[in-house]
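All remarks here apply to the structure that follows.
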Amino acid sequence: MNDNQPITSFVVRCALVDVDKKTMKKHWRIKVSHVQGEDEAVVTDLDDAVEFMKRVIEE
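According to the UniProt record's numbering, the residues represented by the sequence shown are 1 to 59, in order.
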């Protein structure tokens, strides 16, 4: 790995909020924090979490 490459890190916390008793679908609260900056997002699915990370990386 090249030591001159910038590193971007994220912390992703997933908390189970609810389970639909009928469908057994799990509902999540996902908090994504950018370690090097102050950006954070709270979303309900992983696709949205990944989109947030892509936006931060592309800035």
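Where is the CB? At the ideal position from N, CA and C, for every residue including glycine.
With 16 other Cβ atoms within 10 Å as the buried cut-off, status of residue i
{"i": "Val-32", "result": "buried"}
{"i": "His-27", "result": "exposed"}
Enclosing beta strand (DSSP E) for residue i [first to last residue]
{"i": "Val-42", "result": "40 to 43"}
Proximity below 7 Å, CB of residue i to CB of residue j
{"i": "Val-56", "j": "Asp-39", "result": "yes"}
Per DSSP, the bridge partner or partners of residue i
{"i": "Lys-26", "result": "Val-19"}
{"i": "Arg-13", "result": "Lys-31"}
Residue range of the alpha helix (DSSP H) that includes residue i
{"i": "Ile-7", "result": "No alpha helix (DSSP H) contains Ile-7, which DSSP labels as neither H nor E."}
{"i": "Asp-48", "result": "46 to 58"}
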